[in-house]
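Residues 0 to 91 in numbering that gives the first Met the number 0 are what the sequence shown lists, from first letter to last. Right, one structure below, let's go through it.
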Amino acid sequence: MARFNDVEIIVDSVMKNECPRGYKVGDRWFVKGGNTPRTEICASAYNSIAPALRVLCMGGKHPWDTEDGSTLAMCPDSNVGLIFKLKKVEAE
Numbered sequence: 000m001a002r003f004n005d006v007e008i009i010v011d012s013v014m015k016n017e018c019p020r021g022y023k024v025g026d027r028w029f030v031k032g033g034n035t036p037r038t039e040i041c042a043s044a045y046n047s048i049a050p051a052l053r054v055l056c057m058g059g060k061h062p063w064d065t066e067d068g069s070t071l072a073m074c075p076d077s078n079v080g081l082i083f084k085l086k087k088v089e090a091e
């Protein structure tokens, strides 16, 4: 069975307006073992980050990532411009 990396999802920046869900810079969620976070997260935001999340969970990286083990993804609400940083959590 494949081992999935744990990934931390962090609100990195808000480019335009306040998020209607109330998310602020520094808010975070954890994805453990490739499972969805056990907390409320906006479905639209989650759907936009899910492909990048899967790459990190499986140990991959995108060619455009500048930092190993992390990538950025954006919420689809263009009125807000919420940027998420996804970071692989190193095993202890």
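The beta-carbon is built from N, C-alpha and C at its ideal position, and this holds for glycine as well. Only a predicted model underlies this, so the values are computations on that prediction, with no experimental measurement involved.
- Between the alpha carbons of Y45 and T65 lies a distance of about 22 Å.
- Taken in chain order, the unbroken stretches of alpha helix (DSSP H) that lie wholly in the segment 32-81 and span 4 residues or more are 42-56.
- Your pair C74 and L85 does not check out as a contact, with CB atoms roughly 13 Å apart and the cut at 8 Å.
- In the structure shown, the three-state DSSP call for R27 is strand.
- With contacts defined by Cβ atoms closer than 8 Å, V30 and V54 do not form a contacting pair.
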